[in-house]
Amino acid sequence: MPLTDPPAQPLLEARGLRFARNDDPVFGPLDFSVDAGEALLVQGDNGAGKTTLLRVLAGLLRADAGEIDIDGGAAGPARRARAIAYLGHLPGLKADLSVLENLEFLCGLQGRRRGQLPEHALGIVGLAGYEDALARQLSAGQKKRLSLARLWLSPAPLWLLDEPYANLDLEGIELVNRMVQAHLRAGGAALVTTHGAYAAPPVRTRLLAMTRPVAERAA
Amino acid sequence: MKATSPLPGLPGTASALMRRDLRLLWRRRGDALQPALFALLVIVLFALALGGEAKVLASVAPAVLWVAVLLSGLLALDTLFRGDAEDGSLEQWMLAPVPLAWLVGVRTFMHWATTALPLLLATPFLAELMHLPRGQLPVLMASLALGTPLLSLLGAVVAALTVGMRRSGILLALLALPLYVPVLVFGAGSVAASAQGMDPVGALLLLGAGLVVSLVLAPLAAAAAIRIALN
Numbered sequence: 001m002p003l004t005d006p007p008a009q010p011l012l013e014a015r016g017l018r019f020a021r022n023d024d025p026v027f028g029p030l031d032f033s034v035d036a037g038e039a040l041l042v043q044g045d046n047g048a049g050k051t052t053l054l055r056v057l058a059g060l061l062r063a064d065a066g067e068i069d070i071d072g073g074a075a076g077p078a079r080r081a082r083a084i085a086y087l088g089h090l091p092g093l094k095a096d097l098s099v100l101e102n103l104e105f106l107c108g109l110q111g112r113r114r115g116q117l118p119e120h121a122l123g124i125v126g127l128a129g130y131e132d133a134l135a136r137q138l139s140a141g142q143k144k145r146l147s148l149a150r151l152w153l154s155p156a157p158l159w160l161l162d163e164p165y166a167n168l169d170l171e172g173i174e175l176v177n178r179m180v181q182a183h184l185r186a187g188g189a190a191l192v193t194t195h196g197a198y199a200a201p202p203v204r205t206r207l208l209a210m211t212r213p214v215a216e217r218a219a
Numbered sequence: 220m221k222a223t224s225p226l227p228g229l230p231g232t233a234s235a236l237m238r239r240d241l242r243l244l245w246r247r248r249g250d251a252l253q254p255a256l257f258a259l260l261v262i263v264l265f266a267l268a269l270g271g272e273a274k275v276l277a278s279v280a281p282a283v284l285w286v287a288v289l290l291s292g293l294l295a296l297d298t299l300f301r302g303d304a305e306d307g308s309l310e311q312w313m314l315a316p317v318p319l320a321w322l323v324g325v326r327t328f329m330h331w332a333t334t335a336l337p338l339l340l341a342t343p344f345l346a347e348l349m350h351l352p353r354g355q356l357p358v359l360m361a362s363l364a365l366g367t368p369l370l371s372l373l374g375a376v377v378a379a380l381t382v383g384m385r386r387s388g389i390l391l392a393l394l395a396l397p398l399y400v401p402v403l404v405f406g407a408g409s410v411a412a413s414a415q416g417m418d419p420v421g422a423l424l425l426l427g428a429g430l431v432v433s434l435v436l437a438p439l440a441a442a443a444a445i446r447i448a449l450n
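In the order they appear, the protein sequences are chains C and P.
The first sequence begins at 1 in the numbering used here and counts up one residue at a time.
The second sequence begins at 220 in the numbering used here and counts up one residue at a time.
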């Protein structure tokens, strides 16, 4: 894979990031950065704070201390909306809408990458032919694929993927890796949480290992 | 570079949300009738309990109609944000390139349009059931037209506060009712005033003023409450 020129600013940079829930430290302080064309693999056991970290980065939770820079500027709502696509545990799909209607709504809400059509994205994630199926009729893995299609259509350069491999079959895991690879090649970046049981995408990867910081407190 | 793709603005996100809500309404059109049916039920029960005498009914008609509308609004209030909170839609709203308060405002408007507006249209028929004198109908309609959006906006704040709880049930009603009381007093009061030959405009203006204030403040408060509830 050809290496691109190192960009002037990292796409995402966190300095001294810390989060506590009811005075119980969840993670931190963490320092890391992700450049365009890079993936950051966030590894840790259950309860190590991987999901919380992604929610903090997405702006769904407020960090207790530390700074987050996106594209060289402090992360605010506008910068986040432009730069971040978030795939969480909850898919954000309406059960009573069809697959295509769900995609159209989410694109209408968050924008759509130029030159990409919802129908194409469904083909890429292997949901071609399901356009008119209601989301409630999909299996958990198919719902995940639908969320991946939404991600594919998103114009945001930074993907925050929380356990993207969960519920997917082997071919689906391969699909996530392929999508991340293509996204990085186009100048994007991705944060992927995993508890380590899956093969990482074959891209330039940094590793962030998270552990529970509460051990000494609990004693 | 991908980042050059244009992001949707205020009108674009609003129309996407409106289209989604209309589609959802159509998919569950049976549920959509519930608030109107509930109000009809309350009014029929009142009419039966009071004995069906036109004179008696007419004297309590404004109060009964207003209470019926208020209760049916309360019944529908829990659905305002609950579904979107449970399936994770609210998280995606927060990541949209428009303020959360804007989306909350649009959603509240759609909720009003799909639950309160049909009731508003059915009011002349319901008023006929209660033998409301025809001359009072315009005042009743005006008070409901100003009052029901105000109820929806106040309710949105309360619904947002309780959206993090699994079952909010009676708590939602207990929190909302104190806020609803002034609206009920001025709404039903305006019709009662016109029935006694007094000027209802004062009460209607107060409702209008309340509507303007809550139109600005309620979405902001509800958006802040949602952020807290989702923590």
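Built from N, CA and C at the ideal position, the CB exists for glycine as well.
Query                                                                                                                          : Result
The segment 278–289 of chain P in contact with the segment 233–246 of chain P per 3-pair CB rule at 8 angstroms                : no
C/L168: contacting residues in chain P (beta-carbon distance under 8 angstroms)                                                : The contacting residues do not exist; C/L168 stays about 18 angstroms from chain P at best.
Cβ shell of P/G388 (< 8 angstroms), same chain only, five flanking positions each side left out                                : D297
Whole-angstrom distance between P/S413 and C/Y86, CA atom to CA atom                                                           : 55 angstroms
Within chain P, partners of C/Q110 - CB distance below 9 angstroms                                                             : L226, P227, T232, Q311, L314, A315 and P316
Contact belief for P/A251 with P/T381 at Cβ below 8 angstroms, rounded distance in angstroms                                   : 23 angstroms between Cβ atoms; not a contact.
For C/V34, the three-state DSSP class (helix, strand or coil)                                                                  : strand
Cα-Cα separation between P/V323 and P/Y399, rounded to whole angstroms                                                         : 20 angstroms
Buried versus exposed call for C/M1 [16 or more other C-beta atoms within 10 Å across all chains shown]                        : Note that C/M1 has pLDDT 45, beneath the 50 cutoff, so the model's placement of it is unreliable and no number is given.
P/H330 versus P/L373, P/V261 and P/L403, residue with shortest Cα-Cα distance                                                  : P/L373
Per-residue contacts from P/L439 into chain C (C-beta, under 7 angstroms)                                                      : Ordered by position in chain C, no residue passes the 7 angstroms Cβ test against P/L439, which lies about 14 angstroms from the chain.
C-alpha distance - P/A379 paired with P/A442, whole-angstrom precision                                                         : 7 angstroms
Rounded C-alpha distance that separates P/P419 from P/R326                                                                     : 31 angstroms
Three-pair Cβ contact test at 8 angstroms for the segment 283–302 of chain P versus the segment 69–77 of chain C               : no
P/L260 and C/Q110 closer than 8 angstroms at C-beta                                                                            : no
Assigned exposure category for C/R112 - 16 Cβ within 10 Å defines buried                                                       : buried
Proximity of C/F19 and C/L61 at Cβ, strictly below 8 angstroms                                                                 : yes
Rounded separation between C/L117 and C/R185 - CA only                                                                         : 20 angstroms
Reference C/I124; option with closest CA among C/A182, C/W159 and C/A166                                                       : C/A182
Below-8 angstroms beta-carbon distance, P/A235 vs any chain C residue                                                          : yes
Three-state class that DSSP yields for C/R210 in the structure shown                                                           : The sequence given here has Met at residue 210 of chain C, not Arg. It is a strand residue.
8 angstroms Cβ cutoff met for P/L359 and P/L284                                                                                : yes
Segment contact flag, the segment 82–98 of chain C with the segment 146–154 of chain C, C-beta cutoff 8 angstroms, min 3 pairs : yes
Cutoff 8 angstroms: C/R79 Cβ touching any chain P Cβ                                                                           : no
Cβ neighbours of C/T51 in the same chain (closer than 6 angstroms, five flanking residues each side left out)                  : D162
DSSP-derived helix/strand/coil call for C/S98                                                                                  : strand
As assigned by DSSP and simplified to three states, the class of C/Q181                                                        : helix
Contact set between P/G307 and chain C, taken where Cβ atoms lie within less than 7 angstroms                                  : G88, L90, P91 and G92
In DSSP terms, what C/Y235 is bridged to                                                                                       : Residue 235 of chain C lies beyond the stretch modelled for chain C, which goes from 1 to 219, so this question has no answer here.
Residue burial classification, C/G172 (beta-carbon count within 10 angstroms, cutoff 16)                                       : buried
Own chain, CB closer than 7 angstroms to P/A437, minus 5 neighbours either side, in chain order                                : L372, L373, A375 and V376
C-beta neighbour in chain C for P/L243, strict 8 angstroms                                                                     : yes
Pair within 8 angstroms by beta-carbon distance, P/V242 and C/L97                                                              : Sequence inspection shows Arg at residue 242 of chain P; the Val mentioned does not correspond to that position. Cβ distance < 8 angstroms, so P/R242 and C/L97 count as in contact.
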